[in-house]
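With the first letter of the sequence shown counted as 1, position 164 gets the number 171 in the working numbering; the numbers rise by one all the way through. Just so you know, even glycine gets a beta-carbon here, dropped at the ideal spot from N, CA and C. Note that the coordinates shown come from a computational prediction; the quantities given were computed from them, not determined experimentally. First comes the structure, then the notes that go with it.
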Amino acid sequence: GVALAFEAAVAGGIPVIKAVREGLAADRLTRIGGILNGTCNYILTTMRETGRDFASVLADAQALGYAEADPSTDIDGIDAAHKLAILAALAFGRPVDFASVHVEGIRRISAQDIDFARQLGYRIKLLGIASRSAAGIETRVHPCLVPQSAPVAQVEGVFNAVVAEGDFVGRVMLEG
């Protein structure tokens with residue numbers, strides 16, 4: 008047989024696939040997700056730090072090689088949704104229908120949105136969130152207001168973060 012490895016397909020250099028498969032295998036995960044697209048995180052971070060608008064920061068991300076010439080898959084949340092579907096399937100032990108993932112990107116986030124969030128004590132992050140309940144598995148990707156004091160709010164630039172919550176482990180965050 009041939010092995011199909013896909014560790015780097017989710018959250019870049021974070022060994023999240025191994026962590027979910029091996030390190031958290033004995034736990035019953037109830038929620039998993041986080042910042043799953045470094046391009047979007049770079050754009051939102053730079054907008055917050057500089058006050059610049061989405062289009063100009065996107066152009067910089069493209070010039071730096073962080074965003075593709077056609078960045079739609081990243082900025083529309085599709086890349087993060089694919090990664091979330093993989094994570095959720097591993098975390099919850101069953102396939103996730105990609106069509107059922109609610110997806111919103113960051114294309115419409117303005118510099119004013121970023122500033123309003125800051126004034127209220129929040130940062131805007133594109134998060135992928137999968138949760139398990141008695142009703143089933145819910146998966147969604149969308150911009151979120153995250154309290155500035157939250158660990159995931161401190162993940163900046165092109166970096167990713169994955170947060171897993173379980174019955175035994177509580178909350179664990181992997182970032183990089």
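Thinking residue i and residue j are a contact (beta carbons under 8 Å), I'd like their distance in whole angstroms, please.
i	j	result
A106	G135	At roughly 16 Å, the Cβ-Cβ gap does not stay under 8 Å, so A106 and G135 are not in contact.
I50	V162	About 14 Å; that fails the 8 Å criterion.
A76	L36	That belief does not hold up - the Cβ atoms of A76 and L36 are roughly 37 Å apart, past 8 Å.
T53	D67	7 Å
Using a threshold of 9 Å, state whether the C-beta atoms of residue i and residue j are closer than that.
i	j	result
G84	N44	yes
A137	L91	yes
I131	R55	yes
V179	V170	yes
T46	D81	yes
L94	I39	yes
Y129	A96	no
R147	V108	yes
R114	I144	no
N167	G177	no
I116	P78	no
F61	A142	no
Applying the criterion that 16 or more other CB atoms from any shown protein chain within 10 Å of the CB defines a buried residue, is residue i buried or exposed?
i	result
F123	exposed
G112	buried
L71	exposed
Who are the Cβ neighbours of residue i in its own chain at under 7 Å, not counting the five residues just before and after it?
i	result
P154	G128, Y129 and A160
A74	T46, L65, A68 and D81
P158	M180
S1	The first residue shown for the chain is 8 and the last is 183, placing residue 1 beyond what the model contains.
Looking only at its own chain, which residues have a Cβ that is under 6 Å from the Cβ of residue i, when we skip the five neighbours before and after it?
i	result
V110	G84, A88 and V148
D120	none
R139	T37 and F99
D86	N44 and T80
Among residues of its own chain, excluding the 5 on either side of residue i, which ones have a beta-carbon nearer than 8 Å to its beta-carbon?
i	result
L152	A124, L127, Y129, R130 and I131
Which residue spans inside the segment 47-120 form an unbroken beta strand (DSSP E) run of at least 3? none
Any chance you could list the beta strand (DSSP E) runs of at least 3 consecutive residues sitting entirely within the segment 113-173, in chain order? 129-140, 143-154 and 168-173
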